[in-house]
Amino acid sequence: MSKKTLVIGGGIAGITAAQKIAQNGGEVILIEKEGELGGNFAKLAYTFPVLADAKMIVTREIQTAKATSGIEILPQTELRGVSGSAGDFTVELNSPSGTRSEHVGAIIVAAGFHYMEPTAYTEYSYGRSPKVVTSLEFEKMAAENRLPKGNARVVFVHCVGSRDKAKGYRYCSKICCSYSAKHAIMMKKANPDSKAYVFYIDIRALGKGYEEFIRDAMEVYNVRYIRGRVAKVIESGSKLIVRAEDSLIGNPVEVEADLVVLASAMEPPEGSRDLAGILGIATDEYGFFQEAEVNVRPCHSSKSGIFLAGSCTQPMEIASAVAMGGLAASEALTLIR
Amino acid sequence: MPRLDKVAQIPKPEQIFFFKSCVASNKYPGIEACGTESLRILGVEPVESDEQTCCGGFVTFANVAAPTASMPAVARNLSLAEEKNLDTCVVCNGCWTFLNEFGHFMNNNAEVKGSVNMMLNMMGREYKGTSHVFHIAEMYYRLKDDISKHVLRPLKGVKIATHYGCHYLGGGKYSAIDDAQMPTYMEELIDLMGGTVVPYAANRECCGTGFTQIINGKDLSLDHTQRKLDSVQEADPDMLIVQCPYCHSQLDRVQQQLNFRQGVNYQTPVLHIAQLVGMALGLPVSQLAFAAHVSGRERLENVLDRVGR
Amino acid sequence: MRLRIDEDGIRNVVEEAIGKSLTACLQCSKCGGGCSHSEEFDLTPRQVVESLLDCQDQNVLDSRMIWLCGRHCSGCQAVCPVGLPLNDIMAVLREEALKLDIEPKYEQPSLVYHKFEHCAKHRGEGEASESMVGGETQPA
Amino acid sequence: MADNFMEEYGKETSRDVSMRTKKYFSDLFSLEMPLGRMMKMMPGMLKFMMHGKDTREDLFKFMPQMMPMMKEAITGKKEG
Amino acid sequence: MLEQVKDWDDDFYETFKPIAMGFVNEAEKCLQCGKCTGQCPAAAVTPSYNPRKIIRDLVYGNVKRVLSSVELWQCFFCSGCYSVCPMDINFPFFVFMFRLAAMNEGYGWEDVKQLEGYAEKSYLKDGITVSTFERNPFVMDNIGDISKIRVEAGLPPERTVSPRGIAEINMISDLSGMTAFMKQIGGVELLDCTTCTDEQAKRCKTKPMPSKVGKIKTHHRYYNYGEPGGKKNAEAR
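Chains as they are written, first to last, in this note's numbering: chain A, 1 to 337; chain B, 1001 to 1309; chain C, 2001 to 2140; chain D, 3001 to 3080; chain E, 4001 to 4237.
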């Protein structure tokens, strides 16, 4: 019975799971596809709902993970093969320095998510006009202080790729409402005399302090919320014309914007189906990993001994990913003690 | 971007049934003349038939004819092509949508097909549903390598703006060869023939005919077309390329009507894609039949001088 | 009509007067729902705020709502979850309307949906649109 | 003349209007061949027959197909 | 008076779907997100046309409001709404079906009457919907006779459909009931407003409902989707 656990994915869920196991006497091998840890969390400038400094939190978490004894971090490493059963898996890990096989008691999958590239949304001229960006690029622009200056008008578009049977996914990505409000507030803070517009269908603020956060955007930062999904973004000269319907009045409206930010859908990471194939666990119709029982056993995959954590199971915000990381850790601990 | 899998499905036949459109034949003969001649040059022999009547879709969707009257009419027209077992090539977005829409409708609805065939058997015809319907712009895009081989009048220095038309891309959301919001296959054809593409803001807007609005709600139709023409005039192209004779008729004639009613001065010539390809392939000027055009005639003459008579 | 939205218009005057931003409005229509005189008005308070934000100033200033609402009852202001001072908004709009010398409208509003006024003879408009004349007409 | 559509319809509710609409469309799209409809088709066929020799031959070639439909329309029962 | 929800027919949409044979489907999936109205060219130029509201009324069963409305006849049929709809709702098919239903209720015949020439004089008589008939004086003198241009372009002077083809579509029209449909349109009488005489005004449809014009009672259509705050409604009666 090996006392080690393999954690796949170095995002916030993976780091939390690894820490919890190591603090409780277990040993962890944390593998990460990229060069360094942090995953999607590292790409953010601020977090909602309290606009905390994301960079500072991520680096602190990574430091504590590196400092904790019992966690072996292998960057640029991928899982090649798995055999054995719960409590006694042999896994082959492939890294630039060669392959390595290990004996582990449990496996935690924390592969994270990927923002969908909205290339199918040609009606938003994404890819044709440099002024139409996804939320990830907006974060980068905010971090590098390249946000539009002067009395620019910025439009945030909800539900790009989510809640869309024709060109995207039918599910709702849960956090776009909150982080669009965050982007609007960041925009207003960076450039007070800019104007921010948000086009929404429904506002889904599903966490503690989220509704107040979005209400502050409306009341304190004067962000104009218009209920109507954006129908078209047209390039006209140097400006972008955003067309939608203000469905609370029933008239089509038009806003001339300097920057359009698309809140694209959260989809499973690339290669999630191959990883599921290697591990031998099921995925749902979209490619997210399938939980054993949605309500009572969210962390168990379809194979015993393999546990799921973070946004590789469904779109989710950071707090839930951390909570799920902890739960997966405790499940793994029951196996490897 | 064009959906290349869909383009690959279009065969390169020796013969094709050329479906004549009503507005093209009676208002802009250049479309029909250049369409048939250019297909012949590109190695596809167009076969026409006097039995072929109108697609019947206009009278149906304008609620002048009962819907049950249009499916047999479409089936009858397609059965003409099936007798010679050819695919069908249409020059008009409207014909393409009705032949496709009702054609597919009958293919996956057996009793309707049965009752339609019952009517057609009375005339000794039978609708099997084997003839595929292609738009002439799809054929040009499919044969674009042959076009580049046969270009005799390269359109150097000619500023060309495009207008795709709604029924082909909007109605054919899943069956057209390009997506509905950012189509580029016409731009590629124009680059191929040496012209320079001129983008303008209202590129993907409707031409304003509104199918029957030009007749029933004329003020709405003129209002919308004026907005489109203003946006075209900003880009000031040498010519505006359309893909449907009905858009052609609307954009061409409404310019004159707006000049008359409001004293503005819209002078942009409007050409069908078939006429543009005909011009590039070096067809005689008489066959291009620019005499049938209403507005922008001097500019068209000056383009012809530049490109070579 | 397609409305072009920008930030000017009388909403700035209203916002300065009440000191609160109109974008705070939740658009939940508690005011319109709760109003006991809604039959007499042609706009609900929610629609007034939304029209102001959509720069439909003329529509709001021509409406009957601003003249009758908030004079003796503050039903809407009491229930507003965001605490928007709707009566003061109406008061400011009344002043603005008077400044633009729009005469007040107190009478009973005409009914909700109105006639199709196409008949040139009665509307005094010269040329009925060509399309109304019978016989075969042209596509363009 | 009523001022809006609610006065125009007076007491009639959408249910009665939708009954009429559904009945109209079920007749329009019905594919069965009751006798009444067969009778309505007769003048069209006669005009087509009068048109010319070739059209008359096509219609006669169609006759054998016509017989079972006529029997079924008259007797009103499906057979075979 | 305010609209009563109990007036609406809730199961109209579900029971109508099978009857309409696939022309009317998917509307129950509508998100009411407004994307169709946002891009709609007709909504941009008309005061009150709104495809989202028409779909909402159909799914709620408020059939009276849709059928008696002017807005149903203002659609441009450009299927732009179908191309942007996240739920693939083919709205032009809805408009096509419910214009037929509105005509069955007696609305909209004056619009259809203007198109009668296309069906009866052109489509059934010589097999081509748009004939060479010109009414615009500028076009008549500048372009003149189209057959001259056709001959120059190497085409036969006129495009003709063989007599047999015409006989066949006439039979199709008789068999499928199109001729009966056309008779009804024949019954509608259009009055020329610019040269309106008192006698004509008496029979005009803006007056209290005229007696049956031919077999069809032409009803008067209303702006049913105009926002109550619209300018016209503000004028006191």
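Ideal Cβ placement from N, Cα and C applies to all residues, glycine included.
Establish whether the CB of A:P148 and some CB of chain E are separated by less than 8 Å.
no
Cβ shell of A:A248 (< 7 Å), same chain only, five flanking positions each side left out
It should be pointed out that residue 248 of chain A corresponds to Leu in this sequence rather than to Ala. So the qualifying residues of the chain are R227.
Less than 8 Å between the beta carbons of C:R2004 and A:E254, yes or no?
yes
Could you tell me whether the Cβ of C:M2090 comes closer than 8 Å to any Cβ of chain E?
Taking Cβ atoms only, chain E never reaches closer than 8 Å to C:M2090, which makes this a no.
Quick check on this structure: which residue in B:L1251, B:G1217 and B:D1178 has the alpha carbon closest to the alpha carbon of B:D1005?
B:D1178
Suppose you measure from the CA of A:K131 to the CA of E:N4104; what does that come to, to the nearest Å?
50 Å
Same chain only: Cβ atoms within 7 Å of A:R146, ignoring 5 sequence neighbours per side
So the list is empty, once near-sequence residues are dropped.
Coil, strand or helix - A:F89 by DSSP
strand
Taking the straight line between their C-alpha atoms, what separation do you get for A:S180 and A:M324?
24 Å
Hey, would you say A:I108 sits closer than 8 Å to A:T5, going by beta carbons?
yes
If you pair each beta-carbon of the segment 107-124 of chain A with each one of the segment 146-156 of chain A, do three or more pairs fall below 8 Å?
no
Between the segment 1138-1154 of chain B and the segment 1270-1281 of chain B, can you find at least three pairs of beta-carbon atoms closer than 8 Å?
yes
Name the one or two DSSP bridge partners that E:R4150 has.
Partner residues in a beta bridge of E:R4150, as assigned by DSSP, do not exist.
Of the residues E:I4146, E:S4069, E:D4088 and E:G4144, the one placed nearest E:D4111, counting alpha carbons only:
E:S4069
Can you find a CB in chain D that lies within less than 8 Å of the CB of B:N1121?
yes
Within chain A, partners of C:Q2047 - CB distance below 9 Å:
L248 and I249
If we ignore side chains and look at the alpha-carbon of each, how far apart do A:M218 and E:D4011 end up?
Here the C-alpha atom of A:M218 lies approximately 40 Å from the C-alpha atom of E:D4011.
Does C:L2053 have its Cβ less than 8 Å from a Cβ in chain A?
yes
Can you have a look at E:V4130 and say buried or exposed, based on whether 16 or more other CB atoms are within 10 angstroms of its CB?
buried
Alpha helix (DSSP H) runs contained entirely in the segment 1161-1241 of chain B, provided each spans 4 or more residues:
1185-1192, 1213-1216 and 1218-1235
On a CA-only basis, which of C:V2082, C:G2070 and C:E2007 is nearest C:L2093? Give me that one, please.
C:G2070
Please list, in chain order, the chain E residues whose beta carbon lies closer than 7 Å to that of C:R2011.
The contacting residues do not exist; C:R2011 stays about 16 Å from chain E at best.
Counting C-beta neighbours from all protein chains within 10 Å, is the total for D:F3060 16 or more, i.e. buried, or is it exposed?
exposed
Can you list the residues of chain B that A:T283 reaches, using a CB-CB cut of under 9 Å?
The contacting residues do not exist; A:T283 stays about 26 Å from chain B at best.
If you follow the beta strand (DSSP E) that A:H183 is part of, which residue opens it and which one closes it?
Run containing A:H183: none in the beta strand (DSSP E); it sits in the alpha helix (DSSP H), C176 to A190.
Should D:M3045 be flagged as near chain B, meaning a C-beta pair shorter than 8 Å?
yes
Spell out the partners DSSP gives A:L240 in its beta bridges.
A:E235 and A:A257
Give a yes or no on whether the minimum CB-CB distance between E:A4043 and chain A is below 8 Å.
yes
Would you call the segment 1081-1101 of chain B and the segment 1011-1029 of chain B touching, i.e. three or more CB-CB distances under 8 Å?
yes
How would you call B:N1108, buried or exposed, if buried means at least 16 neighbouring beta carbons within 10 angstroms?
exposed
Contact with chain A by B:Q1226, beta-carbon distance below 8 Å:
no
Name the residue from B:D1252, B:Q1243 and B:C1244 whose alpha carbon lies nearest to the alpha carbon of B:L1229.
That would be B:D1252, whose Cα lies nearest to the Cα of B:L1229.
What residue from A:Y197, A:A196, A:K33 and A:S194 has the CA that sits closest to A:A111's CA?
Of A:Y197, A:A196, A:K33 and A:S194, the residue nearest in Cα terms is A:K33.
Could you tell me the distance, in whole angstroms, from the CA atom of D:F3062 to the CA atom of A:K232?
54 Å
CB of A:V155 within 8 Å of CB of A:M187, strictly
no
Stretch pair the segment 1295-1308 of chain B + the segment 4157-4168 of chain E: three plus CB contacts closer than 8 Å
no
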